[in-house]
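Protein chains: 2
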Amino acid sequence: VSDLDDHEIAGADAPPAPAPAIGEVAPSRRPTPGEAARTLVQHAERATLSTLAQEPAGYPFGSVAPYGLLDGGSPVLCISRLAEHTRNLDGDGRASLFVTEAFPMGDPMDNGRLTLLGTARRIEGNTAVAREAFLARHPEGRSYVDFGDFAFWQLDVEAGRWVGGFGRMAWCTPEEYREAEADPTPPVAPGAVTHLNADHAEAMLDAARAFTGHADAVSATAVRLDRYGIDLEIATPRGLAFGRAPFDPRVEDADGLRMAAVRLARAARGDA
Amino acid sequence: VSDLDDHEIAGADAPPAPAPAIGEVAPSRRPTPGEAARTLVQHAERATLSTLAQEPAGYPFGSVAPYGLLDGGSPVLCISRLAEHTRNLDGDGRASLFVTEAFPMGDPMDNGRLTLLGTARRIEGNTAVAREAFLARHPEGRSYVDFGDFAFWQLDVEAGRWVGGFGRMAWCTPEEYREAEADPTPPVAPGAVTHLNADHAEAMLDAARAFTGHADAVSATAVRLDRYGIDLEIATPRGLAFGRAPFDPRVEDADGLRMAAVRLARAARGDA
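Residue numbers (this note's numbering), protein chains in the order written: chain V, 17 to 288; chain C, 17 to 288.
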C-alpha cells in the first residue's frame, strides 16, 4: 500500500450513497459503446472478415484479415484478388469485420468483441494514405502490399454491434464510432488488475466502501478496468455484490494508470 | 508449386529422385483438404460464426461461437435467442464457421484456417446428443446450456474452404469433410519442430538428403509437421529449397510422434 501514499489526489467529492441492493451497480462513468468499439478495433491485430460468398451464392463467408485504421477508425484491408474474400467483395461490397479483445481476462465469452458492419470498396487512385495506415499496424505487409494481385480496400462503417461480455451489449452509430477515442489502458489492464488484487487488496476494499455504496464490504476484488474506473466484485455480509470505483480524472495514457490508481486509493481513504 | 497438392506417398525404398529444381517440393503424402479441415475444427476452441444480418438486412455478420462436434464433424452451437446471431439464423439459416490454427507457428497468415459453409438449423426434440457433444468441448457451458433462452443448433456442412498458408488452398466437399479424420499432432507439433531443430539438426539434414532429392543439402530446418511428415527448408549450394520427409507409418496419436521421428531419422541414415 505504501507506494500508493505519496501522491496528490483529486478529492472524493460525493458523500457515501445509501447501500444499494445486492447486484446493483452504483452509477459511474463507463466507456460508451462507441468508445468500446474504437478500443477493441485499436488493440486487436487482425479481424475475421465476413463477406457474401459468390459460391455458394449468398452464404456469409468468414476469413482472416489484417487491417489498418484511417483517421476516424475506418478499417483498411490489403487483400489479394486471388483470395476468396476479394472475389466476394468484387461481387457485393457488404461486409463486416469482427474483432475480439486483444488482452482478454478470464472467460473468453465474458470479454469484449465487436462487429463492424459496412460496405467495402476498393481504393482507386492514390493509395498512399491507406498504404501507410496498413503498414503502421502491419509492417510485415511490406513483403506483399506492392504485389500486383494485392489492393487496398476501405470499409465504410455503417453500424457497430458491441458485446462487452455476459449481458452487456449495444449498437453504435457510424458517428458515435467515428468520433469516439480508443481507451489506452487495455495492454496494461490485465497486469494492473492482477497487481491491484495481489498487492493492494486493502485499497480495493477502501474503494468498494467509499464509491460503491457497500459500506459493509468485507473484501473487494478488481475484475476489470478501463480508463474511467475499476469494476469490483465485493463480498458483503448480505452476499456478493458488484460496484465500480472511478478514476478521476480519467486515464490519459497507459503510463498514467498507476497514478490514477494511487489517486483513487487516496480518495477512497479520504486523505484528499 | 502445384505439386503441394500431390498426395502420393514417397516410399523410403524408392530410388532417389534426380535433384529437383530449387523451390520444387518432392512428392510426399500430405493431409487432404478434408483432413486439414477436420484437423483445424478439431483443435480450435471457438469459431467466428458468420450469419446474414436481419438489420442492416443481408449484411454478413461476424460473431463468436464456441462449438461442439458431432460424429462426422458437424458443428453444434449453443446460442441464446437474445443474441444477434440467433435472430439472424432464425431469419436465414445460411452460415459459416471460420476457425484458425489452434497451435500456430510463425506468421499467422502462413498458418491454416478454414471456412465451413452450410445451413444452421435448430435441433428440435431430443437434444441429448448435441448437449453432450457441446459440453465435451465446453464444460464451462454447464453454467448456461439449460437456460430457457439457449438452444442447440447444428451446422449442416455444405462446403469447406481451406487455406493452409501462403499459396496453399483448396475446397473440400461435405463428403470429404465428413469422412476425413483429424490429425492428432497439432498440439505437440510446435514443440516438436523446435526440438528437432535445436537438438536434431543432423537428422534433419540426413532427412533432407535422403527424401527430398536435394542430395547436396548443407543444412535443413523443420518448418512444420503433420502426421504424414515434416516440411523442411533446405540450404543447398544452389540456393534455398523446400522439401518433405515422410513419417512411415503415419503418426497415430500425439504420443507416437517421437517414435515416428526416430524411425524417420534411422531411415534417412539408411539403418532401418
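Glycine is no exception: its CB is placed at the ideal position from the N, C-alpha and C atoms.
Since this is a predicted model, take the numbers as computed values, not measurements.
Item to check | Helix, strand or coil at V/Asp106 [DSSP, three-state] | outcome: By one-based count along the first sequence, residue 106 of chain V stands at place 90. Note: V/Asp106 maps to helix in three-state DSSP.
Item to check | Residue range of the alpha helix (DSSP H) that includes C/Glu191 | outcome: Residue numbering aside, residue 191 of chain C sits at position 175 when the second sequence is read from its first letter. Unbroken alpha helix (DSSP H) run through C/Glu191: 190 to 195.
Item to check | Opening and closing residue of the alpha helix (DSSP H) in which V/Leu212 lies | outcome: Against the first sequence, residue 212 of chain V aligns to sequence position 196. V/Leu212 -> alpha helix (DSSP H) spans 205 to 215.
Next on the checklist: Let me make sure I understand the geometry here. Which of V/Gly272, V/Ala231, V/Asp222 has the alpha-carbon closest to that of V/Asp287?
Outcome noted: Walking along the first sequence from the start, residue 287 of chain V turns up at place 271. The shortest Cα separation from V/Asp287 among V/Gly272, V/Ala231, V/Asp222 belongs to V/Asp222.
Checklist entry - Using Cβ-Cβ distances below 7 Å, what residues of the stretch 167 to 188 of chain V are close to chain C? => result Glu174, Ala175, Arg177
Checklist entry - Quick one: which chain V residues come within Cβ less than 7 Å of C/Tyr75? => result The residue labelled residue 75 of chain C in the question sits at position 59 within the second sequence. Arg110, Ser112, Leu133, listed in chain order.
Checklist entry - Counting pairs of Cβ atoms below 8 Å between the stretch 114 to 132 of chain V and the stretch 142 to 152 of chain V, do you hit three or more? => result no
Checklist entry - Interface residues of chain C around V/Ser90 at Cβ under 7 Å? => result Numbered from its first residue, the first sequence carries residue 90 of chain V at position 74. Residues of chain C whose Cβ lies closer than 7 Å to the Cβ of V/Ser90 do not exist; the shortest such Cβ separation is about 16 Å.
Next on the checklist: Could you check whether the Cβ of C/Thr289 sits closer than 9 Å to any Cβ belonging to chain V?
Outcome noted: This structure does not reach residue 289 of chain C, given that chain C is present from 17 up to 288, and the question cannot be answered.
Checklist entry - What is the DSSP secondary structure of C/Phe114, counted as helix, strand or coil? => result Taking the second sequence and counting its residues from 1, one reaches residue 114 of chain C at position 98. Strand, per DSSP.
Item to check | Span separating the alpha-carbon of C/Glu245 from that of V/Gly157 | outcome: Indexing the second sequence from 1 puts residue 245 of chain C at position 229. Indexing the first sequence from 1 puts residue 157 of chain V at position 141. Checking the displayed sequence, the identity of residue 245 of chain C turns out to be Gly instead of Glu. Computed Cα separation, rounded: 30 Å.
Item to check | Pair within 9 Å by beta-carbon distance, C/Ala60 and C/Thr116 | outcome: As a first step, residue 60 of chain C must be located in the second sequence, where it is residue number 44. As a first step, residue 116 of chain C must be located in the second sequence, where it is residue number 100. Closer than 9 Å, so yes.
Item to check | Same chain, Cβ closer than 7 Å to V/Ala149, neighbours up to 5 away in sequence not counted | outcome: By one-based count along the first sequence, residue 149 of chain V stands at place 133. Cβ neighbours of V/Ala149 beyond the five flanking positions: Gly84, Leu85, Leu86, Val92.
Item to check | As assigned by DSSP and simplified to three states, the class of V/Thr228 | outcome: Taking the first sequence and counting its residues from 1, one reaches residue 228 of chain V at position 212. Looking at V/Thr228 - three-state DSSP - the assignment turns out to be coil, as it is neither helix nor strand.
Checklist entry - When the cut-off is 9 Å and only beta carbons count, does C/Ala63 lie next to chain V? => result In the second sequence, counting from the first residue as 1, residue 63 of chain C sits at position 47. For C/Ala63, the answer is yes, since a Cβ of chain V falls inside 9 Å of its Cβ.
Checklist entry - What are the residues that DSSP puts in a beta bridge with C/Val83? => result Locating residue 83 of chain C in the second sequence gives position 67, counting from the first residue. According to the sequence displayed, residue 83 of chain C carries Tyr and not Val. In the DSSP output, where bridge partners are listed per residue, C/Tyr83 has C/Leu93.
Checklist entry - Just the Cα atoms here: how many angstroms apart are V/His101 and V/Val234? => result The count along the first sequence starts at 1 and reaches residue 101 of chain V at position 85. The count along the first sequence starts at 1 and reaches residue 234 of chain V at position 218. Straight-line Cα distance between these residues: approximately 54 Å.
Next on the checklist: Taking the beta carbon of C/Pro253 as the centre, do at least 16 other beta carbons fall within 10 Å, making it buried, or is it exposed?
Outcome noted: Locating residue 253 of chain C in the second sequence gives position 237, counting from the first residue. It counts as exposed.
Next on the checklist: Quick check on the burial criterion: 16 or more other C-beta atoms within 10 angstroms. Buried or exposed for C/Asp269?
Outcome noted: Along the second sequence, one-based indexing puts residue 269 of chain C at 253. C/Asp269 comes out exposed.
Checklist entry - Is the CB of C/Asp82 under 9 Å away from at least one CB in chain V? => result One-based indexing of the second sequence puts residue 82 of chain C at position 66. Looking at the sequence shown, residue 82 of chain C is not Asp but Pro. For C/Pro82, the answer is yes, since a Cβ of chain V falls inside 9 Å of its Cβ.
Checklist entry - When the Cβ atoms of the stretch 105 to 113 of chain V are set against those of the stretch 67 to 84 of chain C, are three or more pairs found closer than 8 Å? => result yes
Next on the checklist: Just to make sure I have the definition right: I need the residues of chain C whose C-beta is within less than 7 Å of the C-beta of V/Pro72. Which are they?
Outcome noted: By one-based count along the first sequence, residue 72 of chain V stands at place 56. In chain order: Leu133, Glu174, Ala175.
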